Amino acid sequence: MKKKHQVLKAWISIIPVTFVLSVVATSGSMIVSANELTLDEFQGSESRFNHEDLSIYYSEEEKKSELALEKIKEEYGDVQSNFNEKGEIVLTPEDEARLDKATSEYLKEVGYNPYLRRFGRNWWNSRNFIGSVIDVAFIALGFGAGVRSASQIIQIIRANRRNITRSIERQLATKVGITLGNWVSAGLDAVGALSGISLGYAVAWGIDYVDGKRLDGYILA
């Protein structure tokens, strides 16, 4: 009886410690709605970048995705977009067709399964996969998927926010079957605060931040 009492006492002492650690682990992020999110709120947040590495669960899928992205870069990496005097990208019907084609090619290469995306948490609704699809959009639009400085990224987003948001939303809705609404715009706010990763992954990180299950590594799952 004495031994059981000691075990119970030990568990009771662990509970508040676990709670404190849980609070500390999540205190670096603020709970905000998508339409309240601004670029300034992300400034300086890189140090608390919560990157849940899903590659340990999806190593095979990650390899397929990387190879598919390399093919997309080879085919569309030299695309030169047209910009107006304000620095805004001017999208033509040819640009839209190229974007559709590039996304379809990527999804075919990775063997995308739209039915599995709807059931539970899996690769097809992971932040990594959604980020790769967004990277394809950036490549096809002529922005590339490489790492850029924060200042360059902010300039791109500010000048082309409407076109980028619309293009990403359309590809995710028509090709992947996921409707994100103004969460894509919220995701763009995160891009300027995160460096060292691809543009697409940064946007997906921002979407994951505001999708109701903050930074769990999945989008709407």
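Under the working numbering, the residues of the sequence shown are numbered 1499 to 1719, in order. Glycine residues also receive a C-beta, built at the ideal position from the N, C-alpha and C atoms. Just so we're clear, the structure is a prediction, and the values are computed from it rather than from any experiment.
My understanding is that residue i touches residue j, with C-beta atoms under 8 Å, so please give their C-beta distance in whole angstroms.
i	j	result
PHE1636	LEU1697	5 Å
LYS1673	SER1602	7 Å
SER1563	PHE1627	7 Å
GLU1607	ALA1566	4 Å
Would you say residue i and residue j are within 7 Å of each other, going by their C-beta atoms?
i	j	result
TYR1556	TRP1622	no
VAL1577	GLY1640	yes
VAL1682	ILE1666	yes
LEU1589	ALA1638	no
ALA1719	ARG1616	no
TYR1699	GLY1629	yes
ILE1570	VAL1634	yes
ASN1658	GLU1586	yes
ASP1709	ARG1625	no
ILE1632	VAL1701	yes
Does DSSP put residue i in a helix, in a strand, or in coil?
i	result
PHE1581	strand
TYR1707	helix
TYR1610	coil
ILE1695	coil
ILE1676	coil
ILE1717	coil
SER1545	Confidence in SER1545 is poor, its pLDDT being 37 and thus under 50, which makes the residue's placement unreliable; the coordinate value appears in the next sentence. In this structure, SER1545 counts as helix in the three-state DSSP scheme.
ALA1700	helix
In terms of residue numbering, what span does the alpha helix (DSSP H) encompassing residue i cover?
i	result
ILE1570	1557-1574
Go through the segment 1590-1635 residue by residue and report every complete run of the alpha helix (DSSP H) that reaches 4 residues or more, in order.
-> 1591-1608 and 1612-1615
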